[in-house]
Amino acid sequence: MTHNRPIVESLQEYGRGLAGGLLFSLPLLYTMEVWFTGFIAAPWRLLVYLAATFALLLGYNNYAGIRHDSDWTDVVVDSFEELGLGLVTATGLLMLLGRLDASQSWREIIGKIVVEAGIVAVGFSVGTAQLGTGENEQEGRGSETAASVSSQAVIALCGAVLFAVNIAPTEEVKVIALEVGPTRLMLIMALSAALGLMILYFSSFARSEKFSKMESKSQAFTGGVITYGIALMSSAAMLWFFGRFDGCSVELAVAQIVVLGLPATLGASAGRLLLQS
Amino acid sequence: MKGEKNVVEWGVFVASLVLIGTTLAILLLDAFRGESKPTDIRVQLGGPIQRAEGWAVPVTIRNEGDETGENVHVEVALQRDKRDVEVAQVTIDFLPRKSEREAWALFRENPDSGKVVARAIGFERP
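Keeping their order, the protein sequence lines are chains A and B.
When you read off a place in the first sequence, starting at 1, and then add 35, the result is the number in my numbering.
When you read off a place in the second sequence, starting at 1, and then add 2, the result is the number in my numbering.
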């Protein structure tokens, strides 16, 4: 038997989504480099960003979304809703903060909204799923797929993006990458990998037993390598989107990836555990 | 027992589809127009306004190109007999493509006593 969900329940869900969206995106809404990316980035780069955001929403909603009884149609519908709400929220806040006005071209306005909306949308998805009391909702889909490597990889990617995206657009990443030498870069890599391993397999973080259970040392090693790999990959993607590779050497690009890889690893490990119930 | 979407949720979904579709259409049109005209800065001046310590001339700086200009420097000069007698400078952090910014050039002398000319003197590619 099916029934329509009560409207109050839907509004509560949107409220949680809004809180989550703001929680994760407010730092970016207040960051100049992100506004600038909105009008510096070419339209095709914004299209790639929108597509990547939608793919991330599909992944998160599928593996850790709010309803475990949902099928792929529900996942797609929820993802469209979150992206749409992200666009509306980003527009409203950018207007409130005086970042959009009539003297700007529509290209500038659309660019700023799209860049901010992506992360608001992912925050919406996480907020809807994780900020509820659990009284009204079924257990998340993550419970079914706890052991799945692909599900954990997708959620690790969400965690890495949500945590490191606040740092990726800043000039500081490039400054650090320029100033630290190869020895310190290797130390940063070692620290990142060690932190990932410690969080997932050693420090008994909440839910680590469920989502990163260690059955052997080689399994922990593999899990750590995958987590760090995801952190580096997501760092590279974020830096590329924010134009941090434009006109820089391969060495500097790699150094920036390693520097951003540290917060991304925290997101992919500790963040991953926080993002799923 | 599976809960079906209610009218509010369907409303949000349809509105989201329209919004996303519109955004995609705009970006796709922009991407496939294939224009890549370099930064092209045009400067337009308004009439001077007297202030407590001189005169202010409104300056509208527009980028007709398809690339953003960074640190756009504009020089506004008061000329008499084709010679600069006073020069003001305006700097804009970012001038996005097909956008304009407004600024003011300040002079000690009355701009109506000569001819005011403006020119972009440099910018960076971000």
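Built from N, CA and C at the ideal position, the CB exists for glycine as well.
Between the alpha carbons of R64(B) and V45(B), how many angstroms are there, rounded?
In this structure, the straight-line span from the alpha carbon of R64(B) to that of V45(B) is close to 6 Å.
By how many angstroms is the C-alpha of F74(A) removed from the C-alpha of F276(A)?
Their Cα atoms are separated by approximately 12 Å.
Let me see if you follow: with CB-CB separation under 7 Å, is T41(B) close to chain A or not?
Answer no: the Cβ-Cβ gap between T41(B) and chain A never drops below 7 Å.
Member of K84(B), N73(B), E126(B) and R110(B) whose CA lies at the smallest distance from the CA of V92(B)
Looking at the Cα atoms, N73(B) is the closest of the given residues.
Output yes if chain A places a C-beta closer than 7 Å to the C-beta of E6(B); else output no.
Closer than 7 Å to some Cβ of chain A, the Cβ of E6(B) qualifies, so yes.
Using only the alpha-carbon positions, how far apart do Q291(A) and L213(A) sit?
In this model, Q291(A) and L213(A) are separated by some 8 Å (Cα to Cα).
So which of R110(B), A27(B), S115(B) and F96(B) has the shortest CA-CA distance to A58(B)?
Checking every option, the nearest Cα to that of A58(B) belongs to R110(B).
Would a check of beta-carbon distances place S140(A) closer than 7 Å to chain B?
True, the Cβ-Cβ gap to chain B drops below 7 Å.
Ranges of the beta strand (DSSP E) found wholly within the stretch 209 to 241 of chain A, counting only runs of at least 3:
For the stretch 209 to 241 of chain A, not a single whole beta strand (DSSP E) run of length 3 or above is found.
Residue of L230(A), K209(A), L220(A) and G52(A) minimising C-alpha distance to S284(A):
Answer by Cα proximity: K209(A).
Take W141(A) as the anchor and find which of G56(B), I28(B) and V20(B) has the nearest alpha-carbon.
The shortest Cα separation from W141(A) among G56(B), I28(B) and V20(B) belongs to I28(B).
Taking Cβ positions only, does E66(B) come closer than 7 Å to chain A?
It does not; no Cβ of chain A falls within 7 Å.
How is the alpha helix (DSSP H) around Q187(A) delimited, first residue to last?
Looking at the DSSP string, the run of the alpha helix (DSSP H) that includes Q187(A) is V184 to A199.
Quick one: residues in its chain with C-beta nearer than 7 Å to the C-beta of T163(A), no 5 flanking neighbours on either side, listed in chain order?
Closer than 7 Å at the Cβ level, and outside the excluded window around T163(A), lie E48, R51, G52, G55 and I101.
To test your reading of the DSSP string, which unbroken beta strand (DSSP E) runs of 3 or more residues are found completely within the stretch 43 to 100 of chain B?
Runs of the beta strand (DSSP E) inside the stretch 43 to 100 of chain B: 43 to 47, 51 to 53, 56 to 65, 71 to 82 and 85 to 97.
Leaving out five residues on either side along the sequence, give the residues of the same chain with a beta carbon under 7 Å from the beta carbon of F256(A).
Once the five neighbours on either side are set aside, F256(A) has no close Cβ partner at all.
Tell me, which residues are paired with L108(B) by DSSP?
L108(B) pairs with A58(B).
Please list, in chain order, all residues of the same chain as E69(B) whose beta carbon is under 8 Å from its beta carbon, the five residues on each side excluded.
These residues qualify, in order along the chain: S38, K39, P40, T41, R99 and R127.
Can you name the residues of chain B whose CB is closer than 7 Å to the CB of E143(A)?
For E143(A), the C-beta contacts it makes with chain B under 7 Å involve P98 and S101, in order along the chain.
Once DSSP output is grouped into helix, strand and coil, what is the label at R142(A)?
In this structure, R142(A) counts as helix in the three-state DSSP scheme.
Looking at chain B, which residues of the stretch 72 to 85 of chain A have a Cβ within less than 8 Å of any of its Cβ atoms?
For the stretch 72 to 85 of chain A, the residues whose beta carbon sits under 8 Å from a beta carbon of chain B are, in order, F74, I75, A77, P78, W79, L81, L82 and L85.
Tell me whether I202(A) sits in a helix, a strand or coil according to DSSP, three-state version.
Residue state, collapsed to three classes: coil.
Report the three-state DSSP secondary structure of K117(B) (helix, strand or coil).
The DSSP-derived three-state label of K117(B) is strand.
Can you tell me the Cα-Cα spacing of I265(A) and L30(B), whole angstroms?
Per the coordinates, the alpha-carbon of I265(A) lies some 29 Å from the alpha-carbon of L30(B).
Along chain A, which residues have their Cβ under 7 Å away from the Cβ of F15(B)?
Within chain A, the residues placing a beta-carbon under 7 Å from that of F15(B) are V112, F115 and E116, ordered along the chain.
Mind pulling the chain B residues with CB within less than 7 Å of V149(A)?
Result: T25.
Through-space distance from T62(B) to E172(A), alpha-carbon basis:
With a pLDDT of 49 at E172(A), under the threshold of 50, the modelled position of that residue is not reliable, and the figure given next carries that caveat. Rounded to the nearest angstrom, the two C-alpha atoms are 55 Å apart.
Report yes or no: do the stretch 184 to 196 of chain A and the stretch 301 to 310 of chain A share at least 3 C-beta pairs separated by less than 8 Å?
Yes, since at least three Cβ pairs between the stretch 184 to 196 of chain A and the stretch 301 to 310 of chain A fall closer than 8 Å, the two stretches touch.
Determine, for I63(B), whether the minimum Cβ-Cβ distance to residues of chain A falls below 7 Å.
Nearest CB-CB separation between I63(B) and chain A: not below the 7 Å threshold.
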